[in-house]
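S.K.:
Residue numbers (this note's numbering), protein chains in the order written: chain A, 1 to 440; chain B, 441 to 880.
The structure is reproduced here in structure tokens:
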């Protein structure tokens, strides 16, 4: 298959990196629909090769929760051309690293190797994009691995159980309320045919994004991509995502997990808020700044209020999961000091939220914005997080321009916008509050 | 199409009606799969004609909540042979009555007319089983009717909002958590094509049950059914239901709706429990008796405890929705007396539940069973509820024998079974508690 046309060339060569600009990225699309993002990084003699599929756990078919993650495991079980484990062995023999991860909105596979091995990685990764082949007998043991993973992470951890119960209460309709790993009883029912059906539906060049970061030339990457991924035919809308929208929330919810294993009580809260993709106007930027000002570390308003000043908590913080296709979560938490009951701490937390309009000084606002932007700049120091930032953005449908403009969009957030976002989105009826307590 | 074979003849003709026996029902299945249930009732010169489809709101496709109910409305909008309203006009002109209803597990249509008009009803009902035809222009106004219905019933009623929020919290995965009428924003998006796709999927003789009760002969009903419904081809597994199962609940949940319109605070609680279809052993019968003993009217344990003895509440009760394909709800509620806070009342309620093993005397148990059985016997006094009992049972997959045996199964419930069901199913982690309060 011959090459498609470049999608964009985001900067003139030689542009300075810095706030609001970012690296000199080249993007292409192959004729079969594969999107390619090449991010130059000549600091180290290493290349990061990632393939992102535009499907995650929120695209698991009804009753088959966990299939995206299970398939991620099965992707290491061999193809028609390469037996199970060969790819991993080659990566390891080359001194490379590899990994894979499944999120709500995407699944990604990556390897980090010396630049001269990039072609070999692409050969292997392209091969398993369409040639996955494994026997029935690998399915049950691998499912047991996943079940054990779930047992370890969730079934024996009351905190994880609270997290799952809170997400399930926050998202009453949307699949973000279903754990990425899947519900235990549905994982148990996952079969080889489910995995292959899902694979055929979503694993295709036109549902994927290839991100290559490192000491490489865009033209060279394109040529290699054509020779490898370019062999596969597209299958168009086969993988279209069907995502129901949440109904308008009406009721404040509380969720309580009591377990003898709990050593430390915790208060958690989630709010249903817009994401970077669903926000109208600048709400998503305002929520980013609010999250950081409220809960980003020991200078944040919650920490100062609940830990330093009133000493009602030993830790407190908050965060905003802005990167999501659909409406998403804004979280806050507090760990009570000794003798402080969660109900009382919850009242303190509500009072702290009510004081934000008074306490959010221009100075605090600027510091929050600076921290947020700095985190992004730091993340670009690591080649793999650079690749991850751009890959995840494209996987949820953000443009490279969105990523590039993000620091200046954050910089422009005003106090009024933050206070308005707080008032509009952090309402009791949009919330789920969680109590983790020691108990029977 | 010629007739199929009788499925069963549940009793010898002339059997005595009474507890544990029931009417002398005849069932057949036409060759196209239509199930027919004929229930003799010669007390009044009236016949009840019902068609039950084995699909309800819990079978609405993802993102199309409300479609089962919307289609129920559209079923009155005419067919290729009869314009909109003609069927209703005929029923009315014959002095008959008609209605339709959508539930979680089924949708049903019924008419009550003089026996000589049964054939005409079957002609019309069979016609709209396959010949539904309406123009685009009826869709939007009918959707507005449904939206207005939702606005009236839910959007302006805080109690209904609490009910929806509680169900959504109880069922984190299963569609019983979605309102039958649908979520507002999804009703708004329902189109003619959605309704017709859904209609073609589910409205078929092999997905339906015809129930005829009245002064009729089984043979005559069969002949009429063959001439009408018998014309339609089956379409087999097209309508197969896909129902995800709930994960094991782990967290006690609380849901709170505060609204200035609330005149009377209310405490509600739901538990996720097995239904008549999912219960292992006799749990469903035990839950029936528990529901009645706990909350069935002014002699029930909750009423006695909370209203008569402690005077903490002005009303209290409970119920069990045993008739469901999948795991279902057990509900209790209490309306606080003046000056009694819901949190305090909730503690009272928990104490009352904890006392059940002590307070459930053999006498109270027997009274509960007698009331339950009497309700069923009374319901058989009405021809239409008789038809409804058998139709709904068959629609969720219970056998006629299950219905017939129900009174003796209830009669056999022991105190140990009730106490065991209480301990196993009415656990905090299986519950959602709702507070309806006056507030901002």
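Beta carbons are placed, not taken as given, at the ideal position from N, Cα and C, and that holds for glycine.
#1: For residue 481 of chain B, which residues from the same chain have a beta carbon less than 6 Å from its beta carbon, with the 5 sequence-adjacent residues on both sides left out?
#2: Grab me the residues of residue 504 of chain B's own chain with a C-beta within less than 7 Å of its C-beta, minus the 5 sequence neighbours each way, in chain order.
#3: Which stretch, first to last residue, makes up the beta strand (DSSP E) that contains residue 769 of chain B?
#4: For residue 452 of chain B, which of helix, strand or coil comes out of DSSP?
#5: With a Cβ-Cβ cutoff of 8 Å, do residue 52 of chain A and residue 114 of chain A count as a contact?
#6: Measuring alpha carbon to alpha carbon, tell me which residue in A:102, A:94, A:26 is nearest residue 59 of chain A.
#7: To the nearest angstrom, how far is it from the Cα of residue 319 of chain A to the Cα of residue 116 of chain A?
#8: Of the choices A:99, A:175, A:161, A:252, whose alpha-carbon is the least far from that of residue 55 of chain A?
#9: Would you kindly report the start and end of the unbroken beta strand (DSSP E) that includes residue 431 of chain A?
#10: On the DSSP bridge assignment, give the partners of residue 50 of chain A in chain order.
#11: Does the pairing of the segment 264-280 of chain A with the segment 357-372 of chain A give three or more beta-carbon distances under 8 Å?
#12: Is the separation between the beta-carbon of residue 436 of chain A and that of residue 159 of chain A shorter than 8 Å?
#13: If we define contact as Cβ-Cβ less than 8 Å, is residue 618 of chain B a contact residue for chain A?
#14: Looking at the ligand NAP, does it come within less than 7 Å of residue 113 of chain A, judged from the CB to the closest heavy atom?
#15: Count the other CB atoms within 10 Å of the CB of residue 308 of chain A; is the residue buried (16 or more) or exposed (fewer)?
#16: Per DSSP, which one or two residues make a beta bridge with residue 542 of chain B?
#17: Do residue 69 of chain A and residue 209 of chain A have their C-beta atoms closer together than 8 Å?
#18: If we require 4 or more residues per run, which alpha helix (DSSP H) segments fall completely within the segment 247-328 of chain A?
#19: Mind checking residue 72 of chain A: buried by the 16 CB within 10 Å criterion, or exposed?
#20: Skipping 5 residues on each side, what residues in its chain have a beta carbon closer than 8 Å to that of residue 76 of chain A?
#21: Is it buried or exposed for residue 497 of chain B, if we count other Cβ within 10 angstroms and need 16 for buried?
#22: For residue 682 of chain B, return the contacting residues in chain A, with the cut-off set at a CB-CB distance below 7 Å.
#23: Taking 8 Å as the threshold (beta carbon to beta carbon), is residue 424 of chain A in contact with chain B?
#24: Say whether chain B places a C-beta atom closer than 8 Å to the C-beta of residue 169 of chain A.
#25: What distance in whole Å lies between the Cβ atoms of residue 567 of chain B and residue 521 of chain B, which are believed to be in contact at a cut-off of 8 Å?
#26: Which residue or residues does DSSP assign as beta-bridge partners of residue 601 of chain B?
#27: What residue from A:145, A:420, A:104, A:317 has the CA that sits closest to residue 268 of chain A's CA?
#28: Is residue 670 of chain B buried or exposed, if buried means 16 or more other CB atoms sit within 10 Å of its CB?
#29: How many Å lie between residue 362 of chain A and residue 415 of chain A at the Cα?
#30: If we define contact as Cβ-Cβ less than 8 Å, is residue 695 of chain B a contact residue for chain A?
#31: Nearest to residue 226 of chain A by alpha carbon, out of A:95, A:23, A:34, A:24?
#32: Looking at the unbroken beta strand (DSSP E) that takes in residue 35 of chain A, where does it start and where does it end?
#33: Does residue 446 of chain B come out as helix, strand or coil in the three-state DSSP assignment?
#34: Within this structure, are the beta carbons of residue 333 of chain A and residue 431 of chain A separated by less than 8 Å?
#35: Cβ closer than 9 Å: which chain A residues qualify as neighbours of residue 708 of chain B?
#36: Tell me whether the beta-carbon of residue 716 of chain B lies closer than 8 Å to the beta-carbon of residue 762 of chain B.
M.R.: Looking at the coordinates:
#1: Result list for residue 481 of chain B: 653, 654, 823, in chain order.
#2: Result list for residue 504 of chain B: 626, 630, 634, in chain order.
#3: Per DSSP, residue 769 of chain B belongs to the beta strand (DSSP E) from 768-776.
#4: In this prediction, residue 452 of chain B has a pLDDT of 31, which is less than 50 and means its spatial position is unreliable; what the coordinates show is noted afterwards. DSSP, reduced to helix, strand and coil, places residue 452 of chain B outside both helices and strands of the structure shown, so it counts as coil.
#5: In this structure, residue 114 of chain A does not lie closer than 8 Å to residue 52 of chain A by Cβ.
#6: Nearest option by C-alpha distance: A:102.
#7: Cα-Cα distance, rounded: 40 Å.
#8: With distances taken between CA atoms, residue 55 of chain A lies nearest to A:175 out of A:99, A:175, A:161, A:252.
#9: Looking at the DSSP string, the run of the beta strand (DSSP E) that includes residue 431 of chain A is 431-438.
#10: DSSP lists A:110, A:211 as partners of residue 50 of chain A.
#11: Proximity of the segment 264-280 of chain A to the segment 357-372 of chain A falls short of the contact definition, fewer than three beta-carbon pairs being nearer than 8 Å.
#12: Closer than 8 Å, so yes.
#13: Taking Cβ atoms only, chain A reaches closer than 8 Å to residue 618 of chain B, which makes this a yes.
#14: As for the ligand NAP, it is missing from this structure, which has no ligand bound.
#15: Residue 308 of chain A comes out exposed.
#16: Looking at the DSSP assignment, residue 542 of chain B forms a beta bridge with B:547.
#17: No.
#18: The qualifying runs are 283-295.
#19: The residue in question, residue 72 of chain A, is buried, as its Cβ has 16 or more Cβ neighbours within 10 Å.
#20: Excluding residues within five positions, the ones whose Cβ falls inside 8 Å are 84, 85, 87, 88, 100.
#21: Under the 10 Å beta carbon count, residue 497 of chain B is surrounded by 16 or more other beta carbons and is classified as buried.
#22: Simply 62, 63.
#23: So no, residue 424 of chain A is outside the interface.
#24: With respect to chain B, the C-beta atom of residue 169 of chain A has a partner C-beta closer than 8 Å.
#25: Contact flag correct, Cβ pair sits at about 6 Å.
#26: For residue 601 of chain B, which the question treats as bridged, DSSP gives no partner whatsoever.
#27: Ranking A:145, A:420, A:104, A:317 by Cα distance to residue 268 of chain A puts A:317 first.
#28: A buried status is given to residue 670 of chain B, since no fewer than 16 other beta-carbon atoms sit within 10 Å of its beta-carbon.
#29: One C-alpha to the other measures close to 7 Å.
#30: Output row for residue 695 of chain B: interface = yes.
#31: Answer by Cα proximity: A:34.
#32: Boundaries of the beta strand (DSSP E) around residue 35 of chain A: 35-40.
#33: Low confidence applies here, because residue 446 of chain B scores a pLDDT of 39, under 50, leaving its location unreliable and the question unanswered by this model.
#34: When the beta-carbon positions are compared, residue 333 of chain A and residue 431 of chain A stay at least 8 Å from each other.
#35: Within chain A, no residue comes near residue 708 of chain B; the closest Cβ sits about 11 Å away, beyond 9 Å.
#36: Closer than 8 Å, so yes.
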